[in-house]
Amino acid sequence: MALAVIEPLLSAAIIVAYSGSQIEKIIIIAALIMGNALLSAFITWAASRLLRKSFATMIKEIQYETTKNVLRIKTGYMTDKGHGVFTQRLTSDTDQLADHFDALLASSTEIFRVISLLIAFLVISPVMFVFEAIVFGIYCIIQIVQSKVLTDESRIVKATAETQAGFVGEMVKGHRDIKLLHSEGSFLRNIKLSINNNVDANTNMRYRSMKYIMLRSS
31 MALAVIEPLL
41 SAAIIVAYSG
51 SQIEKIIIIA
61 ALIMGNALLS
71 AFITWAASRL
81 LRKSFATMIK
91 EIQYETTKNV
101 LRIKTGYMTD
111 KGHGVFTQRL
121 TSDTDQLADH
131 FDALLASSTE
141 IFRVISLLIA
151 FLVISPVMFV
161 FEAIVFGIYC
171 IIQIVQSKVL
181 TDESRIVKAT
191 AETQAGFVGE
201 MVKGHRDIKL
211 LHSEGSFLRN
221 IKLSINNNVD
231 ANTNMRYRSM
241 KYIMLRSS
């Protein structure tokens with residue numbers, strides 16, 4: 031993200047050098063811009079790979095450990111109290127955490143880019159800087175409104191997820207049969223495979239979406 035500040039400043043330097051017919055300086059700055067763009071692209075790619083791996087691992091482990099600990103609850107207590115809402119929230123909130131982090135990363139990248147552009151416009155022309163500052167203010171207002179709308183929508187989604195918790199509760203109550211058949215190991219292997227496949231599919235989709243967001247902001 032920090033490298034996004036450099037490119038507009040170098041572009042502004044090119045304009046200043048061009049107005050003074052400093053050809054050698056223009057060539058050097060153009061080479062610096064290309065090098066900065068390549069380095070930025072590599073860092074973005076590497077960071078995306080690391081984030082993808084770390085978040086996928088975190089979600090898998092949390093969901094798997096949650097499932098393991100559900101099996102440790104006493105059968106009688108689970109029969110009386112096991113409605114599944116808490117378990118459902120534990121597994122769903124891990125996915126929401128990754129979604130919020132992705133949104134924060136994309137927004138931070140865009141804000142750094144806009145700030146660097148404002149600095150470049152200030153170097154070139156104060157009038158352009160004022161105009162772009164107004165545009166940036168409008169952009170921030172739109173982002174705030176969008177965030178509020180998405181927050182309201184997330185409440186609706188969470189309410190519908192809790193409506194489905196009754197079905198999850200019925201499955202959780204089935205742990206009595208799992209214990210009676212001594213099939214905890216087989217169940218955990220299958221649930222771990224299911225969690226891994228689900229998280230991998232969601233992670234791949236999430237980071238494909240992130241690539242397009244970064245492409246649009248570049």
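The numbers in the working numbering rise by one with no breaks, and the one at position 171 of the sequence shown is 201.
In this text, a Cβ means the ideal position worked out from N, Cα and C, and glycines have one as well.
- Each residue's CA atom was taken as its position, placing Ser146 and Pro156 some 14 Å apart.
- With respect to the 8 Å criterion, Ala86 and Asp230 are classified as neighbours on the basis of their beta carbons.
- In this structure, Leu218 places its C-beta atom within 8 Å of the C-beta atom of Lys98.
- With a 10 Å radius around the Cβ and a threshold of 16 neighbouring Cβ atoms, Phe161 comes out exposed.
- At the C-beta level, Leu152 and Phe159 come within 8 Å of one another.
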